[in-house]
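Data block below; observations after.
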Amino acid sequence: MNSYLIVALTFWLAAWAINEWLVRRHFTEPGLQRAANLAVPLLFGVTLLVIWECVVRGFDIPSILLPAPSMIWTRLIHSLPILWADFQQTFLKSVITGYVAGCGLGFVVAVLIDRSPFLKQGLLPIGNFVSALPVVGIAPIMVMWFGFDWPSKVAVVVIMTFFPMLVNTVQGLSAASSMERDLMRTYAASWWQTLIKLRLPAAWPFIFNALKINSTLALIGAIVAEFFGTPIVGMGFRISTEVGRSNVDMVWAEIAVAALAGSVFYGLVALTEKAVTFWHPSVRGGQR
Amino acid sequence: MTNLRTRILPVLTVILAILIIWHVFVVILNAPFVRDQAARAGETVSFAQVVEQTFNQERPVLPAPHQIIAELWDTTIDKPITSKRSLVYHAWVTLSATLAGFGMGTALGILLAIGIVHNQAMDKSLMPWVIASQTIPIIAVAPMIIVVLNAIGISGLMPKALISTYLSFFPVVVGMVKGLRSPDAILIDLMRTYYASKTQTFWKLRMPAAMPYLFTSLKVAIAISLVGAIVGELPTGAVAGLGARLLSGSYYGQTVQIWAALFMAAGLAAILVALIGVAHSAVLKRMGERA
């Protein structure tokens, strides 16, 4: 038994005990309660990192298999320019462009087919079906059609994000009840007025559901598409080449950047959702 | 009859429209190559000839549907299943990884959900990380997992299955937590008046109540674990499986092969999701639900 493992074990037990105590305790002040709610998952995350670090050191795991978090951190700090270039190529060019285009297209098509029940009946089952397919497989074809640079990644992202958006928006647009629609009719509201004042607000929860699903899908699509061919920059490219060169700490640094980008992206969408759908029961809280 | 007119007819129309658009694009996308060939040979081709040739190229930009069907037929029916050129063999490689990953992911997801429902500390500390874990593009980690596991001597099925596990446990956890918490307070109080223990409440009330949620999550989970298995095959350098077919097809410009692998994957996904659907309705029927 060496000291690193003992440190890991004690830290884990201590963190567990603190968490149990924090959860059982009820703070009267709302600010303190919120801080406690935040501290519990944070402490859990820190514990994971400490255990990871100590296990790697304690068992002398070669860094080629699993580098310690401290090692990944130093690598990340020292190669910021490369990571920034990759981030620009993959995230700012491919993911954001594809995400906006795919979600926008899905939304517009959904509003268009909303006027025709026939098209809705025909497209919904197909959209649901395509959403369940392994659409990432389209990546090699898109790379062949649009070349190695970022447009082909955008194409993959657009196709991946289009169908969830289409299906969710169509469902959301029919979420307003007939009673409310009749009310709009008694107000002599036009189709556009009904859409903007009643049906779109009712559809927001569904639309944001799709936006959240798509935020992770978009990143996955862009990275996988880079496995099939890319210029010499990009997150997926860096990961696959550095794995080949056994620079595992660089790969983990890239993964950390991807994780951070993904979480922030998701978080931004979730925050916007809270601001837009403040009226929805799941946001207001109340019963769990 | 009304079922036919309101459900099947619109779907068929849309599929027909897609097929027509597809054929138009086959002509548009493949025509430059045909014209180029003809110009080099010093011939002039009429439009009808161009159209005819675009449907029968060996490496088209966009293959015509009949070419894909021919390739599918050729690689599934005509080749023996043991052959490395048989698509059935590759599909089986992918399917086994998918099912192994799906099984492990479901088991892990259900266990985590039970822990989260019964222990508040686990709920508060684990749940945010379960959600955060999905915002991380695991696909980025996939090549790492495979190469590292290869280095310590684990190769073949397991690494791919692990990726599928990671992808598929999340919907199961979220669905099961929701499902296990779905019984009304009245029902839980009723169990208390019966003096039911926690285990009894779990098996007789929470578990049955969670079934619809579980199966909805399983449909998502199986589809996503197929994606995981396919992507898991990419970094190993195209040995076997549908992902390997995609990769080797893109290396050698075999577009028909890529499309055939894609259709096979789509078919597989459809069958798997349908199987879960059948299991779903069977379980609900046994629980006494009336259709």
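Protein chains in written order, with this note's numbering: chain A, 19 to 306; chain B, 9 to 299. Think of the CB as a built atom: it goes at the ideal place given N, C-alpha and C, for glycine as much as any other residue. None of the values given here were measured: they were computed from a predicted structure.
For the segment 50 to 61 of chain A, the residues whose beta carbon sits under 8 Å from a beta carbon of chain B are, in order, Asn55, Val58, Pro59, Leu61. Using beta-carbon distances, A/Leu123 does not count as an interface residue toward chain B, since no partner is under 8 Å. The residue from B/Val125, B/Ile230, B/Trp267 with its alpha-carbon nearest to that of B/Pro191 is B/Val125. Here B/Gln45 is exposed: its Cβ has fewer than 16 other Cβ atoms, across all protein chains shown, within 10 Å. In this structure, B/Lys132 sits near A/Val58, with a CB-CB distance shorter than 8 Å. Below 8 Å, enough C-beta pairs join the segment 164 to 171 of chain B and the segment 93 to 110 of chain B to call them touching: three or more. Not a single C-beta of chain A is nearer than 8 Å to the C-beta of B/Gln265.
Between B/Gly117 and B/Met184, the C-beta spacing is below 8 Å. The residue from A/Leu278, A/Val174, A/Trp297, A/Ser233 with its alpha-carbon nearest to that of A/Gly247 is A/Val174.
If you check each beta-carbon in the segment 242 to 256 of chain A against every beta-carbon of chain B, the ones closer than 8 Å belong to Val242, Phe245, Phe246, Gly247, Met253, Gly254. By the neighbour-count criterion, in which 16 or more other beta carbons inside 10 Å mark a residue as buried, B/Arg93 falls on the exposed side. The way I'd put it, the segment 255 to 262 of chain A doesn't touch the segment 198 to 208 of chain A; fewer than three beta-carbon pairs between them come closer than 8 Å. A/Lys215 counts as exposed, since fewer than 16 other C-beta atoms from the protein chains shown sit within 10 angstroms of its C-beta.
Contacts with chain B at 8 Å (Cβ-Cβ) do not include A/Ile90. Close to B/Gly257, with beta-carbon spacing below 7 Å, are these residues of chain A in chain order: Pro158.
For B/Trp137, the chain A residues whose C-beta falls within less than 7 Å of its own C-beta are Pro59, Phe62, Gly63, listed in chain order. Taking the beta carbon of B/Val239 as reference, the chain A residues within 7 Å of it are Val154, Val242, listed in sequence order. For B/Val182, there are no neighbours in chain A by C-beta distance under 9 Å, as the nearest C-beta there is about 12 Å away.
In summary, the residues of the segment 203 to 233 of chain A whose CB is separated from some CB of chain B by less than 8 Å are Ser233, in the order they occur in the chain.
Between the segment 194 to 207 of chain B and the segment 106 to 122 of chain A there are fewer than three C-beta pairs closer than 8 Å, too few to call the two in contact. The DSSP-derived three-state label of B/Ala159 is helix.
Scanning the segment 92 to 164 of chain A for uninterrupted alpha helix (DSSP H) segments of 4 residues or longer gives 98 to 105, 114 to 131, 135 to 149, 157 to 164, listed from N- to C-terminal end.
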